[in-house]
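Under the UniProt record's numbering, the residues of the sequence shown are numbered 1 to 193, in order.
Backbone N, C-alpha and C fix where the C-beta goes; we use that ideal spot for every residue, glycine too.
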Amino acid sequence: MKSKILLLALLLSLSLFSQENLTAIITGDCSNRSGTYQFNGIVNGKNHYQHSERASTSLGYNGSQWMLYQTGQMNGARAFNNLNTSSDLTPPKTGWTGASCNGTFILEYSSTLKTNNLTHDDKQIIISPNPSSENIEIKGLKKQHQRGVINNINGKKIKEIKNIYDKINISSLSKGIYFIIIDNTYSLKFLKN
1 MKSKILLLAL LLSLSLFSQE NLTAIITGDC SNRSGTYQFN GIVNGKNHYQ
51 HSERASTSLG YNGSQWMLYQ TGQMNGARAF NNLNTSSDLT PPKTGWTGAS
101 CNGTFILEYS STLKTNNLTH DDKQIIISPN PSSENIEIKG LKKQHQRGVI
151 NNINGKKIKE IKNIYDKINI SSLSKGIYFI IIDNTYSLKF LKN
């Protein structure tokens, strides 16, 4: 049960914080579907994207495979499929095969980090400093919250935090993006540099 709650918290955090845009590079008879795909929520447990200019085209996961499809027709006609079954929340960059389209399909991810904060009871909850290489603090939480965990970008638990009001030493972590999940309720993203 605890692992399911952590997974739900991670999915929530990624839906709030992992809002990268994707760039699709498509050749062949469906090249007009190339362009930027914007994150627009979680569907079937994975990130879902919609074309920024062609609202009729979406990129998502139907429970068994990734696909590029007509918006609203996830179980209908597909332009491209990808049978990659990894646990990643984002679609694979390569390995796409044409379903109703001929040509190639490759994805590129945005490399910008967005550091978002939460609000709770009209208070802003932040991690400071962010990014950091040594210690971080969580500010703005009510005293009722006690524990937390640090997960890596893949959802793997890296460290338990017994008291989230103390400075949290992150010097032993590798450089990268991490999430602090607080009492299975809140999730905040930070960058270790």
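- Annotation for His145: Ile164, Ile182 and Asp183 place their beta carbon closer than 7 Å to its own, counting only its chain and skipping 5 residues before and after.
- Look at the beta carbons and you see the stretch 59-68 not touching the stretch 132-150: under three pairs across the two are nearer than 8 Å.
- Distance from Phe190 to Ile125 at the Cβ level is roughly 12 Å; contact not present, criterion being Cβ atoms closer than 8 Å.
- In the three-state reduction of the DSSP assignment, Ser58 falls in the strand class.
- Distances from the alpha-carbon of Ile153 to those of Thr90, Thr27 and Asn44 put Thr90 closest.
- In terms of Cβ geometry, Tyr49 and Leu22 form a close pair [threshold 8 Å].
- In this structure, Ile106 lies near Thr94, with their beta-carbon atoms less than 8 Å apart.
- When beta bridges are read from the DSSP output, Lys159 appears opposite Ile150.
- Per the DSSP secondary-structure output, Thr97 pairs in a beta bridge with Asn81.
- In the structure shown, Ser174 adopts coil according to DSSP, grouped into three states.
- Taking C-beta atoms under 8 Å as the contact rule, Thr27 and Thr104 qualify, at a distance of about 5 Å.
- By the Cβ neighbour-count rule, Gly60 is buried, with 16 or more other Cβ atoms within 10 Å of its own.
- With contacts defined by Cβ atoms closer than 8 Å, Tyr69 and Ser52 do not form a contacting pair.
- The C-alpha of Ala24 lies about 39 Å from the C-alpha of Asn169.
- The closest CA to that of Asn193, considering only Asn32, Pro129 and Gln73, is found on Pro129.
- By the 16-neighbour rule on beta-carbons within 10 angstroms, Ala79 is buried.
- For Ile164, there is no enclosing beta strand (DSSP E), since its DSSP letter is neither H nor E.
- The Cβ neighbour count for Ser187, taken over all protein chains shown within 10 Å, is at least 16; the residue is labelled buried.
- If you check the CB distance, Arg147 and Ile161 come in under 8 Å.
- Here DSSP, grouped into helix, strand and coil, assigns Asn44 to coil.
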